[in-house]
Every structure is written in C-alpha cells, then in structure tokens.
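So the structure is just underneath, and the comments pick up after that.
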C-alpha cells in the first residue's frame with residue numbers, strides 16, 4: 100500500500116485523487132489546500148487540512164499548484180527526508196526544496212474540474228533522485244496508468260513544449276474557427292465532426308501523412324480567396340505563417 | 100429513389116459511394132473516372148466508364164475532382180439540363196457550366212481512402228439554383244446524414260476557411276509536436292491521449308472556455324524557457340504568434 104498526501108486540490112490533484120480512489124494499492128491519507136474546500140462524495144471521508152503543521156506521514160507528497168509557486172511552497176513544508184514530488188511539465192525537479200527527497204510525477208494530459216478522465220492511457224512521466232523513490236513512483240503510476248515512463252527534466256521540458264503546440268495552440272485554432280463561424284451566424288457545432296476526425300486520423304496515419312489542404316496542394320486560387328476573406332483580421336497572420344510552412348515542407 | 104452518377108472517384112466520391120450504397124433511397128447508376136480503376140467489393144456491380152460520351156441518365160451528377168479542374172470538367176460534360184453538383188468547400192456554385200442545372204453538395208469532413216467514416220453526424224452543405232433541385236439535394240443529404248443544411252456560396256467559403264484552421268493547420272501543429280519529440284527520441288504516441296482529449300473537450304466547453312496554457316496564464320518564465328528551446332527553429336515563429344494572440348485575448 101502506498102500512502103499519499105495531496106498538496107493543493109486544483110484540476111490536476113482533483114483528477115489524480117479520483118484515479119487513486121479507484122486504485123487498489125493506494126491510500127489517500129490527507130488532502131491539504133491553502134483555502135478551505137468542501138470535499139464532496141467520493142472524497143468526503145478523506146482527512147482535510149489547511150494547516151501545513153498538521154501534515155500526516157505518508158510515502159509520497161504530491162504538489163499540485165501553479166508552477167511559479169512550487170519552489171517557495173516546497174520550501175515551506177515542515178517535513179524532512181520525505182519523498183516530495185511535483186506534477187509540472189515545465190518545472191525542473193531541482194526546483195523542489197533540498198531538505199526532502201525530490202521527484203516528479205507528470206501526467207501528460209489536460210484536466211478539467213467537471214470531467215473524469217480515464218488515466219489508463221495517460222502517460223505518467225516520472226523522475227526521482229534515487230532508485231528506490233523511482234520504483235515507488237513507478238508503482239504509483241502503474242496503479243492508475245498502463246504507461247508510466249521515466250523521463251528526465253530536460254526531456255520532460257521538451258515534451259511539455261510539444262504538448263503546448265498540440266493542446267493550447269490547437270485549441271486556439273478552434274477559437275479562430277469559432278470566431279469565423281460566429282461572424283456568419285453559423286454554429287461551431289458544424290466543425291466538431293471534422294475536429295474529431297482530424298484528431299482520430301493520427302491514430303493510423305503520421306501527422307505528415309495526414310496533412311491535406313490548399314497550402315499542401317499549393318492551390319493558390321483558394322489561398323488568395325482565403326487571404327481576402329481574412330483582410331483586416333489578425334487571423335491572417337496565422338494563415339500566412341501556416342501556409343508558408345506547409346509550402347516549404 | 101434518387102439516381103446518382105459519380106464523376107471522379109477520389110477520396111470524397113469513394114466515401115460518398117460507400118455511404119450511398121447503404122442508403123435506402125439512393126441508387127448509384129454509374130461511376131466515371133478519367134483513368135481506369137478496379138472497383139472492388141462492394142462496388143463491383145456498379146457500372147464504370149472512362150468515356151464521358153457513355154454517361155447514363157441520372158437525377159444528380161456529383162463531381163468529385165480537384166477544385167481547379169471543376170470548371171473545365173463541367174464544361175466538357177456532354178449532357179444538358181441535368182442537375183450537376185460539385186463537392187468543394189471553396190468553389191463557387193457558379194463555376195459550374197451553365198448548360199446544366201447547378202448545385203453543391205459539400206460534406207464538411209476530411210476523407211481518407213482506407214477509413215470508412217460515419218456520415219450520420221457530418222454536416223452536408225447544399226446549394227442549388229432552384230427549389231426543386233434543392234429539395235432533391237436535401238433528400239440525398241438526408242439519406243446519409245442527420246445534418247443537411249442549405250448554405251450559400253459565400254457562407255460555404257467561410258465555413259471552408261474555418262475548416263482549414265481546425266483541420267489542416269491543427270494537423271500541422273501535430274507535425275510540429277511530432278518533430279519536437281522525434282528530436283528527443285520520444286514517441287509521438289505519448290501525445291495522442293492529450294490530442295484526443297483536446298478535441299473532446301469542445302464537446303462540452305466552448306474553445307474560449309477550454310483555453311489553457313502558459314500564454315493564457317501569462318506564465319513568462321515558462322514562455323521564456325520554451326522560446327529558448329525553440330532557438331534557431333522555424334517553429335519559434337508559431338510559438339511567438341500564438342503567445343502574442345493568447346496574451347491579447
């Protein structure tokens with residue numbers, strides 16, 4: 100049995116909590132949050148504290164708070180020689196306070212409050228200073244996912260960068276699509292089947308193989324029409340940059 | 100019963116053919132293609148020709164060829180006063196030859212040869228010169244989809260533009276993600292659960308609500324690290340443009 104204390108209860112730790120509850124060999128000993136929160140079913144029975152001096156003993160302490168606060172927060176923990184991990188893609192493991200054993204447990208996924216995700220396929224990227232801790236994190240990762248992998252701070256940073264492109268930036272393109280349709284009083288729903296199929300295609304084709312469109316086909320007439328429709332729109336910059344890149348490929 | 104002749108047999112008409120075969124009130128009278136093709140099951144029994152002078156009579160002729168060729172090809176058809184439609188998002192209906200009745204049947208989706216798509220949820224955008232033809236196209240659309248809508252040439256052009264953003268450009272971001280990971284000898288598979296979840300999120304959140312990431316949070320430290328990793332990469336231009344736009348929102 101691995102005993103876990105969750106430090107912070109934002110979208111990420113909330114979703115980890117949901118997954119650990121269903122895991123056989125994990126016990127959530129305690130949830131800490133800076134501000135009081137009302138724990139609802141199925142979390143009701145988990146001990147909660149807003150007071151760091153009342154932290155319980157556990158095998159792993161999992162920090163799930165904004166990146167910029169991780170370092171300072173880890174310094175403020177009144178514990179020693181315990182395994183303290185953060186869950187950030189961008190943050191170095193070494194940003195954690197040295198008085199505890201450091202580690203990282205980074206689930207490569209986007210989390211929402213109101214949506215329970217299935218951890219089974221989510222890559223859990225782990226890192227630790229020593230072998231025993233790494234094995235513990237591996238066990239913890241395996242308790243919720245079929246894809247736990249050791250990834251160094253430097254590789255994790257690149258992975259996180261790639262994630263920004265395929266998640267944050269992709270979502271921004273959805274926003275642009277929404278904007279274009281709203282101007283025409285057309286529903287964004289019209290684009291959803293296309294959006295799902297675009298994401299599904301890479302299951303059996305590489306992104307390079309799946310690439311289509313006017314720029315890929317060098318269809319200058321359509322490109323010119325599109326640029327004309329985008330006149331005076333900041334979105335024309337995106338159109339031009341993608342078109343240039345796709346032409347050069 | 101609606102009789103259909105398919106003109107051209109690329110990914111789009113191939114997939115329409117698959118759908119029409121399963122439809123109750125549609126009969127595919129004939130497939131024309133410029134070059135000979137071997138029709139395999141379940142298309143074996145459909146008459147095929149490479150000779151335009153041998154076109155059969157039908158209620159609707161559906162052109163599925165590259166945009167640039169549509170106009171000239173429709174001029175070359177040795178038929179008159181028939182309903183001839185193209186399937187392009189970007190092309191005006193009026194680009195079709197005037198000697199036939201003009202129309203458009205544009206399924207808003209991306210098609211591949213080796214993947215059978217479910218038309219049920221795909222928006223079928225229709226347009227015609229007269230009411231009777233529009234009703235015929237509506238019946239035809241409804242035979243395969245639950246979402247047939249009348250869309251003018253001008254709105255269809257905007258819809259197609261939006262589709263380029265959420266499909267072609269999104270897929271290019273997948274390529275960038277792939278590139279970043281390949282350099283680190285990491286598998287693109289790691290990003291797939293994130294990519295699917297990003298697409299799935301918009302089912303219950305608007306793209307604006309679903310937006311996350313360092314630029315949205317104005318997390319300058321992470322942005323600076325990312326830009327440093329992208330030094331000397333053409334992808335830094337994308338990173339800067341998205342970051343600027345997300346900051347301004």
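Residue numbers (the working numbering), protein chains in the order written: chain A, 100 to 348; chain B, 100 to 348. Backbone N, C-alpha and C define an ideal beta-carbon position, used for all residues, glycine too.
Supposed close pair residue i, residue j - CB separation, criterion 8 Å
| i | j | result |
| --- | --- | --- |
| residue 130 of chain A | residue 119 of chain A | So it is not a contact: roughly 11 Å between Cβ atoms. |
| residue 297 of chain B | residue 322 of chain B | Actually they are not in contact, since the Cβ atoms of residue 297 of chain B and residue 322 of chain B sit about 20 Å apart, beyond 8 Å. |
| residue 200 of chain A | residue 229 of chain A | 7 Å |
| residue 186 of chain B | residue 204 of chain B | 6 Å |
| residue 188 of chain B | residue 226 of chain B | Going by Cβ atoms, the distance from residue 188 of chain B to residue 226 of chain B rounds to 11 Å, so no, they are not a contact pair. |
| residue 334 of chain A | residue 275 of chain A | 5 Å |
| residue 161 of chain A | residue 173 of chain A | Wrong, their Cβ atoms sit about 12 Å apart, outside the cutoff. |
| residue 194 of chain B | residue 170 of chain B | 4 Å |
| residue 283 of chain B | residue 254 of chain A | 5 Å |
| residue 210 of chain B | residue 110 of chain B | 4 Å |
| residue 262 of chain B | residue 326 of chain A | Not quite, the Cβ-Cβ distance comes to about 16 Å (not below 8 Å), so this is no contact. |
| residue 113 of chain B | residue 269 of chain A | So it is not a contact: roughly 28 Å between Cβ atoms. |
Identified DSSP bridge partners for residue i
| i | result |
| --- | --- |
| residue 147 of chain B | B:130 |
| residue 162 of chain B | B:106 and B:185 |
| residue 41 of chain B | Here chain B has residues from 100 to 348 only, and residue 41 of chain B is not among them. |
| residue 125 of chain A | A:101 |
| residue 225 of chain A | A:204 and A:249 |
Contact with chain B by residue i, beta-carbon distance below 9 Å
| i | result |
| --- | --- |
| residue 312 of chain A | yes |
| residue 297 of chain A | yes |
| residue 290 of chain A | yes |
| residue 276 of chain A | yes |
| residue 45 of chain A | Residue 45 of chain A lies beyond the range of chain A shown here (100 to 348); nothing can be said about it. |
| residue 209 of chain A | yes |
| residue 280 of chain A | yes |
| residue 302 of chain A | yes |
| residue 268 of chain A | yes |
| residue 220 of chain A | yes |
| residue 364 of chain A | The structure shown does not extend to residue 364 of chain A, since chain A spans only 100 to 348, so no value can be given for it. |
| residue 237 of chain A | no |
| residue 257 of chain A | yes |
| residue 260 of chain A | yes |
| residue 272 of chain A | yes |
| residue 216 of chain A | yes |
| residue 139 of chain A | no |
Proximity test, residue i beta-carbon vs the ligand ATP heavy atom, cut-off 8 Å
| i | result |
| --- | --- |
| residue 211 of chain B | As for the ligand ATP, it is missing from this structure, which has no ligand bound. |
Any C-beta of chain A under 9 Å from that of residue i
| i | result |
| --- | --- |
| residue 205 of chain B | no |
| residue 72 of chain B | This structure cannot speak to residue 72 of chain B, because chain B is shown only from 100 to 348. |
| residue 131 of chain B | no |
| residue 200 of chain B | no |
| residue 149 of chain B | no |
| residue 142 of chain B | no |
| residue 250 of chain B | yes |
| residue 122 of chain B | no |
| residue 118 of chain B | no |
| residue 294 of chain B | yes |
| residue 346 of chain B | no |
| residue 213 of chain B | yes |
| residue 305 of chain B | yes |
| residue 113 of chain B | no |
| residue 172 of chain B | no |
| residue 157 of chain B | no |
| residue 108 of chain B | no |
| residue 160 of chain B | no |
| residue 154 of chain B | no |
| residue 195 of chain B | no |
| residue 254 of chain B | yes |
| residue 265 of chain B | yes |
| residue 125 of chain B | no |
| residue 234 of chain B | no |
| residue 182 of chain B | no |
Opening and closing residue of the alpha helix (DSSP H) in which residue i lies
| i | result |
| --- | --- |
| residue 320 of chain A | 319–328 |
| residue 142 of chain A | No alpha helix (DSSP H) contains residue 142 of chain A, which DSSP labels as neither H nor E. |
| residue 334 of chain A | 334–347 |
Start-end ranges of the alpha helix (DSSP H) lying completely within the region 229–317 of chain A, minimum 4 residues: 230–241, 252–262, 269–282, 291–300 and 306–309
Positions along the region 313–335 of chain B whose CB lies within less than 8 Å of some CB in chain E: Chain labels in this structure do not include chain E; the protein chains are A and B.
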